[in-house]
Structure formats: structure tokens, C-alpha cells
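Heads up: the sequence shown is residues -12 to 276, going by our numbering. Backbone N, C-alpha and C fix where the C-beta goes; we use that ideal spot for every residue, glycine too. Shown next, in C-alpha cells, is the structure this report addresses.
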Amino acid sequence: MVETMVQLRGVEICVDTFGDRDAPAMLLISGAAGSMDGWDPDFCRALGEAGRFVIRYDHRDTGRSTSSPPGEPTYTGDDLTRDPIALIDEVAGGTAHVVGISMGGGIAQYIAAYAPERVTTLTLMSTSIAGTPSTQRDLPSMAPRARESFENPPPEPDWSDRAAVIDYLVEAERPLAAPGEFDEAYARAVAARTVDRTTRIESATKNHWLDLGDSEYDSPPMRNVLAPTLVIHGREDPMFPPEHGEALAAEIDGAELLIVDGMGHQVPPRSTWDLVVPAIVRHTDPRRP
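Right under this line is the structure:
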């Protein structure tokens, strides 16, 4: 685990790596408001020990990367897509196995469609077809527990009160887990690590959800996605029900689909690693047919 600051595109991006730098690179892209802390170090180590050079990073406004004032992001959604492309060039040597979750899965789709030469393989988790609202594709909307968390969020905490902010982050994660599978102790540990590493935690929780301007990219044409693709989706995902994963896999020629029991809208929980980690390792094996 080696955490460093990388200067690119006029900002600082905090990067952490696992495994042998000479091994095939794998870039992990977090979801909205998500720092690298969402990717469990043990999960990253498992991939590194399987012969991958694993790279996780903090999006702008998360973790230790360049941050903006709360409610005043100094970047666009396109920047959040261009940053990982620049990281692939700067840290990964120009190509990488790209793994994205939720918003990060959408970013990964844009990279694969518009910069295909940089993507060795594509793994998409807990996400949907980028660029097109689900209402236009006859896909199910959010489950009631997820919708309620957006429509009636808990009151904002005192952002200077560490314990209150940790509680707030934990409660934000609770409705996204599979029913009966929420690991509060683990969520609390991740929240504490997030708060302690983040330059402006209020900005981290707010700014990615704002209107970040029109994109110069169109919805990614899936016919341009040439990289071998694995779609991993939780059977109990309340944000994007499994039909989203099924539709996404159907859009990409030759994509494989893995539906995971006991997984909601989240980075795969430890209970699923025996299934998920080998699937990713197989998918990114250069000897795969």
C-alpha cells in the first residue's frame, strides 16, 4: 500500500497502489462522493496478490485530492472522467484493466467508449447504462428504501463534529446494503477512515451530486466498447435493481454477467469475495480465451 499525490490536469489526485508495479495495471474507480476508502485494502491486496498492479484513487473533492468549497465545485463531470484517463497514462503506463462501481461504472463506460486504446478489460459493478435515464429504457426505478433515503435524507450533521459525521455517513450507507446484510461495524470503520483522510468532508458528501455542467461527451455508444467486459451486480441492489445489470450486459457485445447474492448497491462486501475476486482475476487474466 503506497499512497502518493500525483499532479495532473492542474490538480492533485491522491493515489494508492498494491502489488507489483510491473504487473498488469488495474484501476479502481469509485462512485459519487466516494474516495479510495470505499475499496477495502484487503480486497485490493487480494487482487494484487493475484498478479495485478492495483490502483485506487480519490476523486476530486474526496479524500486527499484537490477539493472545492462546499456547494462550489471547480470542475465538471467531464473532469471526473478525464482524471482517470490521465491516471492510466501517468501511473499505469497507458493501459489498464478498468473497474468502476456506480458512478465510477458510468465513468468506466465513457473511458471504454471514447478511449478504448487505454482499456484492457472492463469490469462494471452496481451500475447502469451510462447517459440514458432508466425511464427511457423501461428499467425499474429505485427500491423504496433507496428512494426514501434521497427524498428524506437525515439532517446534516455539524461538519466539525467527527462522531456526528461518522454517524451520518453510516446511515447513508444503511439503505444501500442488501436487507439483513448491513455490517454496521464495518461501515463505521470505513466512515471513520473516510472522515480522518478527507480534506473537506462536507464538500465530499455534496459536490458530486450537484449539476456539474453539460458533458461534451454523448451517451457512450456501446458498440465502441471493444474491451472484454464483466458486469457484476448485486441481486439486492436498491439503487439499480438487477435488471439494470442485465440490460447493461446485453448492450455490450460478449459481456459476461455475474449476479451476486447478498450484495446491494455497494463495493462487494467481504462475504462475497470468494466469488467476486476470482471472477475479476479470471476476467483480467491475459491468458483468457
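Is it right to say residue i is buried, meaning 16 or more other beta carbons lie within 10 angstroms of its own, or is it exposed?
{"i": "residue 54", "result": "buried"}
{"i": "residue 137", "result": "exposed"}
{"i": "residue 130", "result": "buried"}
{"i": "residue 147", "result": "exposed"}
{"i": "residue 172", "result": "exposed"}
{"i": "residue 238", "result": "buried"}
{"i": "residue 274", "result": "exposed"}
{"i": "residue 144", "result": "buried"}
{"i": "residue 15", "result": "buried"}
{"i": "residue 269", "result": "exposed"}
{"i": "residue -11", "result": "exposed"}
{"i": "residue 49", "result": "buried"}
{"i": "residue 150", "result": "exposed"}
{"i": "residue 225", "result": "buried"}
{"i": "residue 185", "result": "buried"}
{"i": "residue -9", "result": "exposed"}
{"i": "residue 210", "result": "exposed"}
{"i": "residue 197", "result": "exposed"}
{"i": "residue 124", "result": "exposed"}
{"i": "residue 265", "result": "exposed"}
{"i": "residue 257", "result": "exposed"}
{"i": "residue 87", "result": "buried"}
{"i": "residue 167", "result": "exposed"}
{"i": "residue 58", "result": "exposed"}
What first and last residue would you give for the alpha helix (DSSP H) that runs through residue i?
{"i": "residue 220", "result": "From DSSP, residue 220 is part of no alpha helix (DSSP H) but of the beta strand (DSSP E) over 216 to 221."}
{"i": "residue 155", "result": "149 to 160"}
{"i": "residue 196", "result": "No alpha helix (DSSP H) holds residue 196; DSSP gives it neither H nor E."}
{"i": "residue 80", "result": "It is not in any alpha helix (DSSP H) - residue 80 carries neither H nor E in the DSSP assignment."}
{"i": "residue 236", "result": "229 to 238"}
{"i": "residue 47", "result": "Segment: none, residue 47 is in no alpha helix (DSSP H) and carries neither H nor E."}
{"i": "residue 254", "result": "Element bounds for residue 254: n/a, residue is neither H nor E."}
{"i": "residue 133", "result": "131 to 138"}
{"i": "residue 210", "result": "Here residue 210 belongs to no alpha helix (DSSP H), and DSSP marks it neither H nor E."}
{"i": "residue 126", "result": "Where residue 126 is concerned, there is no enclosing alpha helix (DSSP H), given that its DSSP letter is neither H nor E."}
{"i": "residue 266", "result": "260 to 270"}
Can you check DSSP and say which residues form a bridge with residue i?
{"i": "residue 12", "result": "40"}
{"i": "residue 278", "result": "With the chain represented from -12 up to 276, any question about residue 278 goes unanswered, as that position is not in the structure."}
{"i": "residue 112", "result": "88 and 219"}
{"i": "residue 245", "result": "219"}
{"i": "residue 5", "result": "41"}
{"i": "residue 177", "result": "Answer by DSSP bridge pairing: none, since residue 177 is not bridged."}
{"i": "residue 106", "result": "83"}
Start and end of the beta strand (DSSP E) containing residue i?
{"i": "residue 165", "result": "Note, residue 165: premise wrong, no beta strand (DSSP E); not H, not E."}
Apart from the five residues just before and just after residue i, which ones in its own chain have a Cβ nearer than 7 Å to its Cβ?
{"i": "residue 0", "result": "-7, 44, 45, 52, 70 and 74"}
{"i": "residue 165", "result": "221, 223, 249, 250 and 251"}
{"i": "residue 263", "result": "219, 247 and 255"}
{"i": "residue 228", "result": "127 and 130"}
{"i": "residue 181", "result": "22, 24 and 156"}
{"i": "residue 61", "result": "55"}
{"i": "residue 97", "result": "68, 117, 204 and 207"}
{"i": "residue 175", "result": "153 and 157"}
{"i": "residue 77", "result": "-7 and -5"}
{"i": "residue 80", "result": "12"}
Using a Cβ-Cβ cutoff of less than 6 Å, which residues in the same chain neighbour residue i once the five nearest sequence positions on both sides are dropped?
{"i": "residue 215", "result": "108"}
{"i": "residue 41", "result": "5, 6, 13, 31, 34 and 35"}
{"i": "residue 169", "result": "161"}
{"i": "residue 195", "result": "19 and 20"}
{"i": "residue 187", "result": "54"}
{"i": "residue 90", "result": "18 and 19"}
Once you ignore the five residues that flank residue i on each side, which residues in its own chain have a CB closer than 8 Å to its CB?
{"i": "residue 282", "result": "The question about residue 282 has no answer, for the chain in this structure spans -12 to 276."}
{"i": "residue 241", "result": "215 and 216"}
{"i": "residue 133", "result": "162, 163, 225, 226 and 252"}
At least 3 beta-carbon pairs within less than 8 Å: the stretch 100 to 109 vs the stretch 21 to 31: By the Cβ test, the stretch 100 to 109 is not in contact with the stretch 21 to 31, since fewer than three Cβ pairs between them sit closer than 8 Å.
Three-pair Cβ contact test at 8 Å for the stretch 225 to 245 versus the stretch 0 to 13: Contact fails: fewer than three Cβ-Cβ distances are below 8 Å.
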